[in-house]
Amino acid sequence: MELLDDGGLGALTIRGVAQRLRVAPASLYSRVGSVEDLYDVALDGALGQDAALLRAVEGASVMELMLEFHRHLVEKPWACQVIAMRAPRGPNYLRLSERMCELLVQRGDSDPLGSAYVLSNFVIGSAATHPMAGSERAAPVDAGLAPLYAKLHMEHSVVPETIVRQGLLALLAA
Numbered sequence: 079m080e081l082l083d084d085g086g087l088g089a090l091t092i093r094g095v096a097q098r099l100r101v102a103p104a105s106l107y108s109r110v111g112s113v114e115d116l117y118d119v120a121l122d123g124a125l126g127q128d129a130a131l132l133r134a135v136e137g138a139s140v141m142e143l144m145l146e147f148h149r150h151l152v153e154k155p156w157a158c159q160v161i162a163m164r165a166p167r168g169p170n171y172l173r174l175s176e177r178m179c180e181l182l183v184q185r186g187d188s189d190p191l192g193s194a195y196v197l198s199n200f201v202i203g204s205a206a207t208h209p210m211a212g213s214e215r216a217a218p219v220d221a222g223l224a225p226l227y228a229k230l231h232m233e234h235s236v237v238p239e240t241i242v243r244q245g246l247l248a249l250l251a252a
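Using this note's numbering, read the sequence shown as starting at 79 and increasing by one per residue.
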């Protein structure tokens, strides 16, 4: 996780982990099949160390759980990339997914798994674009090409968590 936190996906290599652990890369290969397996371990480890997210899994509403998941992903931007590469199946991710489905069933959702995918994909996408929110206003909009959008763009404040909350409210109401 430290390698990913420090340098993103490119920093996590079998050789880098072996160096960090002070073992030979060959001995690491005997326990790990590929760097993708390391991504899975790191993702699940990060989820398992996030006390606020674990509390949300234990007793939050769907909205609170999704907002806490978003906060987690914003703090660990590499996690969005890992999730986009392959379906996570670690125990902490499965507990999060299970709780999301349970909460949606409690709400009377007719397709809890489909709704869980919609909500989590929205949260993951929102977290992945979070870093650019600060520069959103700096990117000029051609008013000749999109006059209404340009006007609204200049008037709108970009507060990522507010946008995520509004999006979740809309999705949950649908």
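For each residue, glycine too, the CB sits at the ideal point set by N, CA and C.
The model shown is predicted, which means the values in this text are computed figures rather than measured ones.
Close beta carbons around residue i, own chain, < 6 Å, minus the five adjacent residues each side
i, result
"A205", "H148, L151, V152, C158"
"V160", "Y117, L121"
"S193", "L182, D187"
"D84", "none"
"V201", "M144, F147, H148"
Cβ shell of residue i (< 7 Å), same chain only, five flanking positions each side left out
i, result
"P190", "C179, L182, V183"
"A134", "E142, L143, E146"
Where residue i sits in the DSSP three-state scheme
i, result
"V160", "helix"
"D122", "helix"
"T91", "coil"
"K308", "It is not possible to answer for residue 308, since the shown part of the chain is limited to 79 through 252."
"H148", "helix"
"S105", "helix"
"H234", "coil"
"G203", "helix"
"G212", "helix"
"V110", "coil"
"P155", "helix"
"V219", "coil"
"D84", "helix"
"R185", "coil"
"G245", "helix"
Contact under 8 Å by Cβ, residue i with residue j
i, j, result
"Y257", "M79", "In the structure as shown, the chain starts at 79 and stops at 252, and residue 257 therefore has no counterpart that could be examined."
"V196", "L249", "yes"
"V219", "H231", "yes"
"L106", "V95", "yes"
"R98", "L81", "yes"
"R185", "V140", "yes"
"A129", "K154", "no"
Straight-line gap, residue i to residue j (C-alpha atoms, nearest Å)
i, j, result
"P209", "I241", "14 Å"
"E239", "Y171", "22 Å"
"G126", "R173", "10 Å"
"R109", "E214", "44 Å"
"P169", "V236", "35 Å"
"G245", "P225", "24 Å"
"R177", "V101", "38 Å"
"G86", "S175", "25 Å"
"Y227", "L131", "36 Å"
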